[in-house]
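One structure is given below, encoded as structure tokens.
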Amino acid sequence: MRDNVRGGALTEVTFYILLSLYSPKHGYAVMQFIEEKTYGRLTLGAGTLYGALGSLKDKGWIKPCGDYGDRKKEYIITPSGREIVKREYIRLQELVNVAAGIIGGSV
5 MRDNVRGGAL TEVTFYILLS LYSPKHGYAV MQFIEEKTYG RLTLGAGTLY GALGSLKDKG
65 WIKPCGDYGD RKKEYIITPS GREIVKREYI RLQELVNVAA GIIGGSV
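Residue numbers (the working numbering): 5 to 111.
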């Protein structure tokens, strides 16, 4: 995953995964969330998603939650992950504000 933690720039996929996990979800539900929110523009394969989930877990941005038993493993965003999302949101707002100042509302 090529997320720039220092500069706050996340990949689009990482940002969507973190947003999806504001409520507990298993992997397939995360894939559905991303596909739905991007109107099919982004679709993730299982390998890509589970690799990303492992990386985000290693960074401490998400954690497993719930009792797995016979169910699929669910994840939820951590306070650290929420802080990363907040910083990325602010960075994206700044980017949009600069663009709006240059090109105006005529997009």
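Cβ atoms here follow ideal geometry from the backbone N, Cα and C, with glycine treated the same way.
Only a predicted model underlies this, so the values are computations on that prediction, with no experimental measurement involved.
- The residues V34, I66, Y79, I80, I81 and G85, in chain order, have a CB closer than 8 Å to that of L25 in the same chain once the five nearest residues on each side in sequence are set aside.
- Between A56 and I88 the beta-carbon gap is near 14 Å, outside 8 Å, which marks them as no contact.
- Ranked by how close their Cα comes to the Cα of T15, the residues L60, S27 and C69 have L60 in first place.
- Boundaries of the alpha helix (DSSP H) around P83: P83 to I107.
- Taken through DSSP and simplified to helix, strand or coil, K29 comes out as strand.
- DSSP, reduced to helix, strand and coil, places K67 within a strand of the structure shown.
- According to DSSP, Y79 shares a beta bridge with K29 and P68.
- If you draw a straight line from the Cα of R45 to the Cα of E39, it is about 7 Å long.
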